[in-house]
Structure formats: structure tokens, C-alpha cells
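To start, the structure under review is shown below, and the notes come after it.
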Amino acid sequence: MSARKPFFGANWKMHKGPSETRAFVRAFAELHSARPESTVVFFPPAISVPAFRESASDREDLELGVQDVHQEPDGAHTGAISASMAADAGATWGLAGHSERRREFGDDDARVAAKVERLLEAGVRPLLCVGETLEERDEGRLASVLRRQLSAVLERLPADAGAGLVVAYEPVWAIGTGRTASPSDASEAHAVVREALGGHLGGGAADAVPILYGGSVKPHNVDELLAAPGVDGALVGGASLDPEAFARICAAPFGDAP
Ligand code: PGA
Numbered sequence: 000m001s002a003r004k005p006f007f008g009a010n011w012k013m014h015k016g017p018s019e020t021r022a023f024v025r026a027f028a029e030l031h032s033a034r035p036e037s038t039v040v041f042f043p044p045a046i047s048v049p050a051f052r053e054s055a056s057d058r059e060d061l062e063l064g065v066q067d068v069h070q071e072p073d074g075a076h077t078g079a080i081s082a083s084m085a086a087d088a089g090a091t092w093g094l095a096g097h098s099e100r101r102r103e104f105g106d107d108d109a110r111v112a113a114k115v116e117r118l119l120e121a122g123v124r125p126l127l128c129v130g131e132t133l134e135e136r137d138e139g140r141l142a143s144v145l146r147r148q149l150s151a152v153l154e155r156l157p158a159d160a161g162a163g164l165v166v167a168y169e170p171v172w173a174i175g176t177g178r179t180a181s182p183s184d185a186s187e188a189h190a191v192v193r194e195a196l197g198g199h200l201g202g203g204a205a206d207a208v209p210i211l212y213g214g215s216v217k218p219h220n221v222d223e224l225l226a227a228p229g230v231d232g233a234l235v236g237g238a239s240l241d242p243e244a245f246a247r248i249c250a251a252p253f254g255d256a257p
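Letter 19 of the sequence shown, counting from 1, is numbered 18 in numbering that gives the first Met the number 0, and no numbers are missing.
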């Protein structure tokens, strides 16, 4: 059994307002019993954070995160939320670097790094997403893309910041497409991520950072993905919108050796 706890993240993207959030939590709480050996974190839209918090108030095992924060601590940024607001609203996790943010909203490496800094300053644990496009993979640039995305963030972090970090490897071509990386593709990419973490944080600190796989994780493929060496959990989009599917995913056996 790995020293790292298995980690399951639900990235709801632009789905579920407050009413649907409440209904989901009610249904999921019936289906999923707390597993002390694992971490389960939900990333609802920011507007549904209070509804999630209220409806999960008796379930401390269901943790809460935001999908995005602004790279500045505050100011005239209409529509945005800051990391300290997220913390004030009860979020203990924040996504940064998701490929949809990179592609649709222009979050480049420098901005992703600034967002991770703001999250850490606010005491919110960052879940940093990295991953290559199909074109980059076909050109043989998988490792260099992952190293670039990680270095941009890790170079700016204080030496002890690794303690709070989680990384998700999410190949862009597998997100929302129904195409999943094979377990061996995932292991190969996770090894690159682990090595890059070690280069910046030192081996001991890097070993403590969970590395999740994300990209079309479903009830039918989660077991084999989690059994792949180096895969510490899953970041789930589409399948996390359905309480039964996500409860099944969170029940996946976990047996990776560190
Ligand atoms: P998906 O999304 O499970 O729908 O592919 C994963 C993600 O974007 O985190």
C-alpha cells in the first residue's frame, strides 16, 4: 500500500448550481461511506460553494475546493474570485492550470504559477493540472511539456511548499473525449512528473506529493488506472456529475506501491 492516500477529485466544471449541488450531496452521501484511507474533494462552481458546504456539513470527509482563483490577491477584476475569498467561503483546495483554463481563458504557465502562489498564501491547497496536447504527444514532446509546466510553478515556490501540493496529469486529448490514457501511458507520464518534482523539491518532499490521473476516468476503467504504478488517484469530470458513478469511482481498490 502506498504511503500516499488515494485521492479522488470531482471537477464539476460549469455544471450544477446550488439546487443541483444540494441534491447531489444528498444522493452521494447515501452511497458513499467515509474511507479514512482516502481523500475525496469536490470542485463545484464557485456560486455553489456555500450550498455544498451547507449540505455536506455533517460529512467532514467530503472536502471542498474551487475551480479557479484570480492571479492577483484582489482588485478590479469583474467576475473573478480571489484565493482568500475561496478560503473565507470554506474551500480548502483550489485547481490551477486546468487545460480548459489554459485554452479558453489564456492561463499560461506564468499565470498558473501566480495562481498557485495566491492559493498557498491564502492557506488553500493547490491541485496543479498538467498535460500535453495530442500534437505535443505525437511530436514526442510529452516529457518536455510536463517539465516546462511543472518548472514554471515549482521554481517560484518556497522550498517547503511541496508539502501542500497535489499534481494531476491530465492529457488534453483524454479530457471529455472518452479516450483514456492506457495504464502504462499514465505510469510513464507520472514517472516524468515525479522526477521533475524531485528535481525541485528534493526526493523526500516529492515522494509525498500525490499524482492523480485525469481524462475520461469512468467506473469501468478506474480500477485498472488506479492499479497502474505511480497513479495515486483520479481527477474526474463527466463521471463525477452522477452520484452513483462517482461513488463507484471513490470505492476503487487501491494497491500501488510507492
Ligand atoms: P473528464 O474531465 O473526466 O470529463 O474527461 C477530467 C477533467 O477535466 O478534470
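Using N, Cα and C, we set each Cβ at its ideal position, and we do this for glycine too.
All figures in this text were calculated on a predicted structure; none of them were measured in a lab.
What whole-angstrom Cβ distance do residue i and residue j have, given they're in contact under 8 Å?
{"i": "Ala86", "j": "Val123", "result": "5 Å"}
{"i": "Phe42", "j": "Leu94", "result": "6 Å"}
{"i": "Ala167", "j": "Ala173", "result": "Actually they do not touch by this definition, with Cβ atoms about 12 Å apart."}
{"i": "Leu149", "j": "Val192", "result": "7 Å"}
{"i": "Trp92", "j": "Pro44", "result": "Trp92 to Pro44, Cβ: 14 Å. No contact."}
{"i": "Asp60", "j": "Ala33", "result": "4 Å"}
{"i": "Phe6", "j": "Pro209", "result": "5 Å"}
{"i": "Ala262", "j": "Ala109", "result": "This structure does not reach residue 262, given that the chain is present from 0 up to 257, and the question cannot be answered."}
Is residue i close to the ligand PGA? I mean its beta-carbon at under 7 Å from any heavy atom of the ligand.
{"i": "Leu234", "result": "yes"}
{"i": "Asn220", "result": "no"}
{"i": "Val216", "result": "yes"}
{"i": "Gly237", "result": "yes"}
{"i": "Ile174", "result": "yes"}
{"i": "Gly161", "result": "no"}
{"i": "Glu169", "result": "yes"}
{"i": "Gly213", "result": "yes"}
DSSP on residue i, reduced to helix/strand/coil?
{"i": "Ile248", "result": "helix"}
{"i": "Val68", "result": "coil"}
{"i": "Thr38", "result": "strand"}
{"i": "Ile210", "result": "strand"}
{"i": "Leu164", "result": "coil"}
{"i": "Val235", "result": "strand"}
{"i": "Gly122", "result": "coil"}
{"i": "Phe7", "result": "strand"}
{"i": "Phe253", "result": "coil"}
{"i": "Leu133", "result": "helix"}
{"i": "Leu153", "result": "helix"}
{"i": "Met0", "result": "Per-residue confidence for Met0 stands at a pLDDT of 37, beneath the threshold of 50, marking its modelled position as unreliable; no derived number is given."}
{"i": "Gly197", "result": "helix"}
| At least three beta-carbon pairs within less than 8 Å, the stretch 181 to 188 to the stretch 95 to 115 | no
| Are at least three pairs of beta-carbons, each pair with one atom in the stretch 65 to 83 and one in the stretch 128 to 140, less than 8 Å apart? | no
| task | Indicate whether the contact test is met: 3 or more Cβ pairs, each with one atom in the stretch 239 to 248 and one in the stretch 216 to 227, closer than 8 Å. | result | yes
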